[in-house]
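Chemist: The listed protein sequences correspond, in order, to chains A and B. Here the first sequence is numbered in this note's numbering, starting from 65 and rising by one per residue. Here the second sequence is numbered in this note's numbering, starting from 65 and rising by one per residue. Got a structure here, written out as C-alpha cells. Questions coming.
2 protein chains.
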Amino acid sequence: MDATSDIIGDWVRHAAAAARDASAILAQMPAATRNAGLHAAAQQLRAASASIVAANAQDLAAFDRNGGTAAFRDRLALTPARVEAMAQGLDDIAALPDPLARVLADWTQPNGLHFQRIATPIGVIGMIYESRPNVGADAAGLCLKSGNAVILRGGSDSFHSARAIHTAITAGLRAAGLPDAAVQIPPATDRAYVAAMLAAAGQIDLIIPRGGKSLVERVQSEARVPVLAHAEGLCHTYIHAAANPAMARAVLANAKLRRPGVCGATETLLIDAAIAPTLLPLLAADLAAAGCRFRADPRARAIVPSMDPAAPGDFDTEWLDTILSVAVVDGVEAALAHIRAHGSEHTEAIITDDPAAAQLFLRGVMSSVALWNASTQFCDGGEFGFGAEIGIATGRMHARGPVGLEQLTSFRYLVTGNGQIRP
Amino acid sequence: MDATSDIIGDWVRHAAAAARDASAILAQMPAATRNAGLHAAAQQLRAASASIVAANAQDLAAFDRNGGTAAFRDRLALTPARVEAMAQGLDDIAALPDPLARVLADWTQPNGLHFQRIATPIGVIGMIYESRPNVGADAAGLCLKSGNAVILRGGSDSFHSARAIHTAITAGLRAAGLPDAAVQIPPATDRAYVAAMLAAAGQIDLIIPRGGKSLVERVQSEARVPVLAHAEGLCHTYIHAAANPAMARAVLANAKLRRPGVCGATETLLIDAAIAPTLLPLLAADLAAAGCRFRADPRARAIVPSMDPAAPGDFDTEWLDTILSVAVVDGVEAALAHIRAHGSEHTEAIITDDPAAAQLFLRGVMSSVALWNASTQFCDGGEFGFGAEIGIATGRMHARGPVGLEQLTSFRYLVTGNGQIRP
Numbered sequence: 065m066d067a068t069s070d071i072i073g074d075w076v077r078h079a080a081a082a083a084r085d086a087s088a089i090l091a092q093m094p095a096a097t098r099n100a101g102l103h104a105a106a107q108q109l110r111a112a113s114a115s116i117v118a119a120n121a122q123d124l125a126a127f128d129r130n131g132g133t134a135a136f137r138d139r140l141a142l143t144p145a146r147v148e149a150m151a152q153g154l155d156d157i158a159a160l161p162d163p164l165a166r167v168l169a170d171w172t173q174p175n176g177l178h179f180q181r182i183a184t185p186i187g188v189i190g191m192i193y194e195s196r197p198n199v200g201a202d203a204a205g206l207c208l209k210s211g212n213a214v215i216l217r218g219g220s221d222s223f224h225s226a227r228a229i230h231t232a233i234t235a236g237l238r239a240a241g242l243p244d245a246a247v248q249i250p251p252a253t254d255r256a257y258v259a260a261m262l263a264a265a266g267q268i269d270l271i272i273p274r275g276g277k278s279l280v281e282r283v284q285s286e287a288r289v290p291v292l293a294h295a296e297g298l299c300h301t302y303i304h305a306a307a308n309p310a311m312a313r314a315v316l317a318n319a320k321l322r323r324p325g326v327c328g329a330t331e332t333l334l335i336d337a338a339i340a341p342t343l344l345p346l347l348a349a350d351l352a353a354a355g356c357r358f359r360a361d362p363r364a365r366a367i368v369p370s371m372d373p374a375a376p377g378d379f380d381t382e383w384l385d386t387i388l389s390v391a392v393v394d395g396v397e398a399a400l401a402h403i404r405a406h407g408s409e410h411t412e413a414i415i416t417d418d419p420a421a422a423q424l425f426l427r428g429v430m431s432s433v434a435l436w437n438a439s440t441q442f443c444d445g446g447e448f449g450f451g452a453e454i455g456i457a458t459g460r461m462h463a464r465g466p467v468g469l470e471q472l473t474s475f476r477y478l479v480t481g482n483g484q485i486r487p
Numbered sequence: 065m066d067a068t069s070d071i072i073g074d075w076v077r078h079a080a081a082a083a084r085d086a087s088a089i090l091a092q093m094p095a096a097t098r099n100a101g102l103h104a105a106a107q108q109l110r111a112a113s114a115s116i117v118a119a120n121a122q123d124l125a126a127f128d129r130n131g132g133t134a135a136f137r138d139r140l141a142l143t144p145a146r147v148e149a150m151a152q153g154l155d156d157i158a159a160l161p162d163p164l165a166r167v168l169a170d171w172t173q174p175n176g177l178h179f180q181r182i183a184t185p186i187g188v189i190g191m192i193y194e195s196r197p198n199v200g201a202d203a204a205g206l207c208l209k210s211g212n213a214v215i216l217r218g219g220s221d222s223f224h225s226a227r228a229i230h231t232a233i234t235a236g237l238r239a240a241g242l243p244d245a246a247v248q249i250p251p252a253t254d255r256a257y258v259a260a261m262l263a264a265a266g267q268i269d270l271i272i273p274r275g276g277k278s279l280v281e282r283v284q285s286e287a288r289v290p291v292l293a294h295a296e297g298l299c300h301t302y303i304h305a306a307a308n309p310a311m312a313r314a315v316l317a318n319a320k321l322r323r324p325g326v327c328g329a330t331e332t333l334l335i336d337a338a339i340a341p342t343l344l345p346l347l348a349a350d351l352a353a354a355g356c357r358f359r360a361d362p363r364a365r366a367i368v369p370s371m372d373p374a375a376p377g378d379f380d381t382e383w384l385d386t387i388l389s390v391a392v393v394d395g396v397e398a399a400l401a402h403i404r405a406h407g408s409e410h411t412e413a414i415i416t417d418d419p420a421a422a423q424l425f426l427r428g429v430m431s432s433v434a435l436w437n438a439s440t441q442f443c444d445g446g447e448f449g450f451g452a453e454i455g456i457a458t459g460r461m462h463a464r465g466p467v468g469l470e471q472l473t474s475f476r477y478l479v480t481g482n483g484q485i486r487p
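So this is what it looks like as C-alpha cells:
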C-alpha cells in the first residue's frame, strides 16, 4: 500500500467512524427531527440551485472535452428543474412513515421474558454510483430517514456536482441540528476511495452499488463488506392457455417496451402451445409495429416464421433492449422449468384467467417478485407503495441475533392484478 | 487450479445444482411432507445407531493416534445416547410451526394491485463446521424444515461420523419421498472443498460457519458467497444506580459464570458510581468465591483493591473465560458511551428498577439484543422461543426485491424481564 492509499484508507476509516456516531445519534432522534433535517436539506438545495448548476457546468465542460454519448451527458446534466426535483424528493421522503417506528414482532416466553423485535438502522452505508448526481441526494434522503449514515461515492465525471449537492445537504443538516457526518463524500476522485470502502469490513456495514453491470460486478468481486446489489433481471412473461388475449397483448407490450432498459423489463415471452397459434401472430405484430425484434425457438417460428431464430445463449441473455426471446411451452410446469433453467429469480409474470394455473405458477416461481395478470415493469419501489427505493436487490437476506427457522427464510412478493399496465 | 481442485470444483457445482433443484421441490412440498421426512430421518438415525457409533470409533482412533485435548475428544465422541439426542432433535424440529407458512405483509395499492410478502427458503446453504458431528444433523433438520438444501462440510476429524450420519438421514429422506440431494456431504476431506464452497457465488446462496474464531475469520475473509457468521460477543451488564442489589448479584453471576465460554456471556461489568461503593464489594465476593478473576479500572479498584488492574485492551477482549472486566461509570449515557467504544453490538443488559433509565438504555444500545433485568446468557434461539437455532448471527441483514426504507433497516431485540436467570 503506497502513501496515497494510506491517506485514503485513513480518510475512509475516519469517515466511517464519524458516520457510525452520526447513525447512533440519528437512530435515537425522534422522526420529527430527522424529517426536519430532510426539509432543511431540501431548502438548502433550492437555495444553492444556481451554484449546483454552475458546479455541474464544470463537470459538463470536462465531459465535452473528453467526449462520450449523448445519453451519458443527459444523465450527468443538472438544470434548475432537476435540482428542484431532488429537493422535492427529500420533502417527499420526509412525508413517508417512519421506518424505525415499527415493532416487527412482540411475544412473551413462558418464563415471563417479553420480547420485541424492532426496526433499527443498518448503520453505515457506502453508496457507490455512476454519473447521475441525483442518486446521491436520493440516497442521502433515504438513509437519513432510516437512521443510517451514508458515504456517497459518485462517479468522477460528476464530482463537482456531487460536492455542491453534498455542501447544500450538510448545510441543511447543521441548520436542523442533525450531525453533518451523516452524509459524507470523499474529498477527491481517486479510484482508491472505492477500493478502501469495499475493504472496510466492520467499519462500513453495507455497500450499495448503483450503476451498470460492470460497476456492480467489480464491486461484488472486490467487496469484503456485505453488498446489496442489483445483478441481472432476466424476467419472463408466461401467457397461459386461459389468458385473456386482449389483456395479454396490452400487458406484454408494456412489460417489454414501456422502458426496455430497466431490470423489470420482460426479456422472454413464454407462450402456451394451446394459445400460441391464434395469439402469437397478434403479439408479434403488436411488438414489431413498435420496433421490437425477436429471437424465437423453432416452435414459435413455425407459427410466425418472420421472427429471427434464437441462437444458443439467447434465452440466457438480458437484452435491456427492444429484443424479445420467444419460446412455446406446454403448460405451467414447462414454463416453470424454463424459468428455473434460464431465469435470474428477479421478476416473472403469468397471464391467465385460470386461478388454479396462476397459483401453481406463483407457488412454483422462486423469484423475488411473481405477478399474476400484470406487467413485470411493476417491479419498482414506488409501484410497491414504498414511496421511494434506493435500488432493487437481487440477493437474498441476512439475519442478526439468534438464527432460528424464521431467519433461515427469505421472502418474495406475490402480486395479483386484473391487467394493470404501468403508465 | 490443478486437476484435483478442478474435480473438487466440479463436485461443488454439481452438488449445488442438485441442491437447488431439491430446494425448489422442498419449498413446494406441504409442511406435512417435510415433517415426515424429518421423522423418517430420525428413525433411520436410530436404526443406524450402532454403525454411526462404529464410524465414530474410527474417527476417535485417528484422533487418539494424533493426540489432542480432552475437550476436543469429548466434542467428537458419539454414544448411543448422543445419536438418540440427534434423532430427537429432528423430531423436535418437525413439531415446530412451518416457517414457510407465513404471510409477512399483505397490502393493496390504489391501482388495485394486491401484494403479499411471503416467507420463502434461502435456497442452497453451505454449512462449514468443526468437530461436533451433531451439528450436521441439527443443520440438516433446520434446513429441511425451512425448505433449504444444505451441503454439510464438517471437520476432517469427524469425517467417518459425518458420513454415517449423512447416510442415515438421506435414507430417511428417500423413504419419505424427499429429494436426497437436499442434504449432501463432500466425498472426501480435502480442504479444497471448503475453498470451492466459499467461491461458489451464484451456486450456494449462503455460507454458515460454525466453529472457533479462526474458522469463522478464514471463512469471512475468503468467501465470495454471503456469510451468516458469528463473530465476537463482547457483552456488557450495566448495573444502574436504581438496581435491586439481590437481583443484580444473581443476574451478574449467571451472566458471567453460567457458561463463561458462550458468546452471550458477560465480559464486562459496568457499575454505576452511585451504587458501586456498597454493591461492588458484594459482587466481587460472589464471583471470586466461584473462581472468577477481575480486570478493573482505577475507580473500581479504589473500591475493591484486591481486583487486578485492567491493562490496555482488556475492555476490548472477549474473555470466554472466568475473567470479568470491571469499570465504574456515571449514569446511563456513560454506560452507553463505553459500550459504543468497546462493544461488539451482540448483547447488553441493564439491571435497574427505574423504567426511565431502562428505556434510555434499551433505545440507546444498537446491539442485536438488549435486555432489561435479565442475564445476557439468554441470547439463544431456544430461550427466544425459536425452538432451535443454527447459530447466532452477528452481521446485519440483506433484502431482496425493491429496496425502500423498510429494507434499509435491520432489527434488534428488546427483552424485558423481572430478574430471570438462565438455568
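Where is the CB? At the ideal position from N, CA and C, for every residue including glycine.
#1: Kindly give me the distance between the Cβ atoms of L142(A) and N120(A), rounded to whole angstroms, as I take these residues to be in contact under 8 Å.
#2: Distance cutoff 8 Å, beta carbons only. Does A463(B) sit that close to anything in chain A?
#3: Just to make sure I have the definition right: I need the residues of chain A whose C-beta is within less than 8 Å of the C-beta of A81(B). Which are they?
#4: Would you list the residues sitting across from Y193(B) in a DSSP beta bridge?
#5: Entirely within the stretch 384-437 of chain A and at least 3 residues each: give me those beta strand (DSSP E) ranges in chain order.
#6: Grab me the residues of M371(A)'s own chain with a C-beta within less than 7 Å of its C-beta, minus the 5 sequence neighbours each way, in chain order.
#7: Short of 6 Å in beta carbon distance, which residues of its chain neighbour A457(A), apart from the five on each side in sequence? Order them along the chain.
#8: So E409(A) and M430(A) are supposed to be a Cβ contact under 8 Å. How far apart are they, rounded?
#9: For A312(A), go through chain B and note every residue whose CB falls closer than 7 Å to its CB, in chain order.
#10: Identify the continuous alpha helix (DSSP H) that holds D123(A) and give its terminal residues.
#11: Given a cut-off of 8 Å on the beta-carbon distance, is the pair A401(B) and A264(B) in contact?
#12: Runs of 4 residues minimum, wholly inside the stretch 275-359 of chain A: which ones carry the alpha helix (DSSP H) assignment?
#13: For D170(B), does the three-state DSSP call read helix, strand or coil?
#14: Going along the chain, which residues of its own chain have a beta-carbon closer than 6 Å to the beta-carbon of Q284(A), five neighbours each way excluded?
#15: So if I threshold CB-CB distances at 8 Å, which residues from the stretch 425-457 of chain A count as touching chain B?
#16: At 7 Å on the CB atoms, spell out the chain A contacts of R404(B), in chain order.
#17: Mind pulling the chain A residues with CB within less than 9 Å of P341(B)?
#18: Kindly indicate which three-state DSSP category L216(B) falls into: helix, strand or coil?
#19: Find the nearest neighbour of L262(A) within the set G275(A), I249(A), R255(A), V289(A), judged by alpha-carbon distance.
#20: Since A92(B) meets chain A, which of its residues come closer than 9 Å, beta carbon to beta carbon?
#21: Could one say the Cβ of F179(A) lies closer than 8 Å to chain B's Cβ atoms, at least one of them?
#22: Taking only three categories from DSSP, how would you classify Q267(A)?
#23: Is there at least one Cβ from chain B nearer than 8 Å to P290(A)'s Cβ?
#24: Return the CA-CA distance between W436(B) and D394(B), expressed in angstroms with no decimal places.
#25: Look at A307(B) and D350(B) and say whether their C-beta atoms are less than 8 Å apart.
#26: Under a three-way DSSP split, which group does T381(A) fall into?
#27: With 16 other CB atoms within 10 Å as the buried threshold, where does G276(A) fall?
#28: Please report how far the alpha carbon of A135(A) lies from the alpha carbon of Q122(A), in whole angstroms.
#29: Report the option in S113(B), A159(B), D156(B) whose CA atom is closest to the CA atom of E148(B).
#30: Alpha carbon to alpha carbon, how far is I303(B) from L346(B)?
#31: Apart from the five residues just before and just after I367(B), which ones in its own chain have a Cβ nearer than 8 Å to its Cβ?
#32: When you compare the stretch 88-98 of chain A with the stretch 162-174 of chain A, are there three or more beta-carbon pairs, one atom per stretch, that lie closer than 8 Å?
#33: The alpha helix (DSSP H) with A374(B) in it runs from where to where?
#34: Could one say the Cβ of W171(B) lies closer than 8 Å to chain A's Cβ atoms, at least one of them?
Modeler: Let me lay it out:
#1: 4 Å
#2: Since pLDDT at A463(B) reaches only 42, below the 50 mark, its modelled position is unreliable, and the value read off the structure follows with that caveat. Answer yes: the Cβ-Cβ gap between A463(B) and chain A drops below 8 Å somewhere.
#3: The contacting residues do not exist; A81(B) stays about 11 Å from chain A at best.
#4: R274(B)
#5: 387-393, 411-415
#6: A348, F358, A360, A364, R365, V390
#7: L292
#8: 6 Å
#9: Within chain B, no residue comes near A312(A); the closest Cβ sits about 18 Å away, beyond 7 Å.
#10: 113-130
#11: no
#12: 277-286, 309-321, 340-353
#13: strand
#14: V291, A293
#15: R427, G428, M430, S432, V433, A438, F442, C443, D444, G445, E447, F448, G449, F450, G451, A452, E453, I454, G455, I456, A457
#16: A88
#17: Result: empty, since nearest Cβ-Cβ is about 31 Å, beyond 9 Å.
#18: strand
#19: V289(A)
#20: Residue identity check: residue 92(B) is Gln in the sequence provided, not Ala. Here the neighbours are R427, G428.
#21: yes
#22: coil
#23: yes
#24: 18 Å
#25: no
#26: coil
#27: exposed
#28: 18 Å
#29: S113(B)
#30: 13 Å
#31: A340, P341, L344, P345, V392
#32: yes
#33: Taken as a continuous stretch (DSSP letters only), A374(B) belongs to no alpha helix (DSSP H), as it is neither H nor E.
#34: yes
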